[in-house]
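Report on one structure; see the data block that follows.
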Amino acid sequence: MASFGPIAPFYDELMGSVPYEMWAEYYLLLLCQQDVQPHRILDVCCGTGNVTECLARRGYRMAGVDLSEPMIVEAKAKAASLGWEIDYLACDAASFRFETQFDAAYSFFDSFNYITDLGHLGKSFARVSEHLRPGASFIFDLNTAYAFEQKMFDQQDTRKKSKVQYKWKGSYNESSRIIKVNMDFWVEGQFYQETHIQRAHTTEEIIDLLDRAGFGDICTYDSYTLDPPRTRSDRIHFTSIRK
Numbered sequence: 001m002a003s004f005g006p007i008a009p010f011y012d013e014l015m016g017s018v019p020y021e022m023w024a025e026y027y028l029l030l031l032c033q034q035d036v037q038p039h040r041i042l043d044v045c046c047g048t049g050n051v052t053e054c055l056a057r058r059g060y061r062m063a064g065v066d067l068s069e070p071m072i073v074e075a076k077a078k079a080a081s082l083g084w085e086i087d088y089l090a091c092d093a094a095s096f097r098f099e100t101q102f103d104a105a106y107s108f109f110d111s112f113n114y115i116t117d118l119g120h121l122g123k124s125f126a127r128v129s130e131h132l133r134p135g136a137s138f139i140f141d142l143n144t145a146y147a148f149e150q151k152m153f154d155q156q157d158t159r160k161k162s163k164v165q166y167k168w169k170g171s172y173n174e175s176s177r178i179i180k181v182n183m184d185f186w187v188e189g190q191f192y193q194e195t196h197i198q199r200a201h202t203t204e205e206i207i208d209l210l211d212r213a214g215f216g217d218i219c220t221y222d223s224y225t226l227d228p229p230r231t232r233s234d235r236i237h238f239t240s241i242r243k
């Protein structure tokens, strides 16, 4: 089952503290580092389209794809209310199809950690590659094993004043590099529960998959900076160029 199903209508409330504008500005900084100036951009695993909207406001022509149909329903409704023509699609990252090629693609908020099978992840990279013209940019971030070891998913907000209350608890297996996160939500008197599973892919695995999918000029950054990853980096951004 796709993550954030029944909770999708409340997702934006849940993530209200996320600095989406900062993520968009950092993305544009990474594009500058690549010397890429896109016109059409694809948001892979776009969720409810918050970063998509940030970039649409800046004049980029946007499209988005996400596995969760309820999240896409929310994204479409927001775009319609704003009068924006954003092409949203509910589909798996390994099998989506748009009738166009893009100048750039990105995937944020550790979405590719959710693809725990490397074969499936490779197919997802290949599908993105098929939708990019030569010289196009592909940028994404990943949670690291260090983040899982530090129990970053152990979070809660059970304050009565919070519209969406939640309690998350992760269980990490170092040998498989898999974390299982049990998530409880309380919204307007209703209780929801989801289980999220992520894998801490190694940098070597990711670079190999990107190379096989036709990407080069691969760089890694300690997220939100232009510095190389550190031993204690909890999130890494990857940048690459379609060959």
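This note's numbering puts the first residue of the sequence shown at 1, with every later residue one more than the last. Glycine residues also receive a C-beta, built at the ideal position from the N, C-alpha and C atoms. In this text the structure is predicted, and so the values were computed from the model without any measurement.
Three or more pairs of CB atoms, one per stretch, sit closer than 8 angstroms, so the region 118 to 125 contacts the region 206 to 216. Of all C-beta pairs linking the region 37 to 53 to the region 77 to 86, three or more are shorter than 8 angstroms, placing the two stretches in contact. In the DSSP assignment, Y172 falls within the unbroken beta strand (DSSP E) covering V164 to N173. If you draw a 10 Å sphere on the C-beta of P134, you find fewer than 16 other C-beta atoms in it, and that means exposed.
Under DSSP, the beta-bridge partners assigned to W186 are Q165 and F191. Taken through DSSP and simplified to helix, strand or coil, L89 comes out as strand.
Bounds of the beta strand (DSSP E) holding T239 are R235 to R242.
Taken in chain order, the complete beta strand (DSSP E) segments of 3 residues or longer contained in the region 34 to 77 are 40 to 44 and 61 to 66.
Minimum Cα-Cα distance from L31 among the listed residues T231, L226, E204 and S233 corresponds to L226. Nearest to E174 by C-alpha distance, out of H201, T195 and F4, is H201.
Each of I236, L28 and Y106 was checked against the Cα of N143, and the nearest Cα belongs to I236. The C-beta separation of V36 from S137 comes to about 4 angstroms, placing the pair in contact by the 8 angstroms criterion. Around P6, the same chain offers Y192 as residues with beta carbons nearer than 6 angstroms, after the five sequence neighbours per side are excluded.
With a cutoff of 8 angstroms on beta-carbon distance, Y146 and D234 are scored as near each other.
The count of Cβ pairs closer than 8 angstroms, one atom from the region 6 to 25 and one from the region 87 to 98, stays below three, leaving the stretches out of contact. Pairing Y60 with A8, the inter-Cα distance amounts to about 25 angstroms. Under the 10 Å beta carbon count, R232 is surrounded by fewer than 16 other beta carbons and is classified as exposed. Closest option to L14, judged by alpha-carbon separation, among F108, T116, V164 and S3: V164.
For V44 and S95, the gap between their C-alpha atoms comes out near 12 angstroms.
Taking the C-beta atoms as reference points, A93 is found nearer than 8 angstroms to V65. In the three-state reduction of the DSSP assignment, I115 falls in the coil class, being assigned neither a helical nor a strand state. Contact annotation: G170 and F148 have beta-carbon atoms nearer than 8 angstroms. Counting only the Cα atoms, I218 lies some 7 angstroms from I207.
Ranked by Cα distance from E25, the options W186, E69 and R57 are led by R57.
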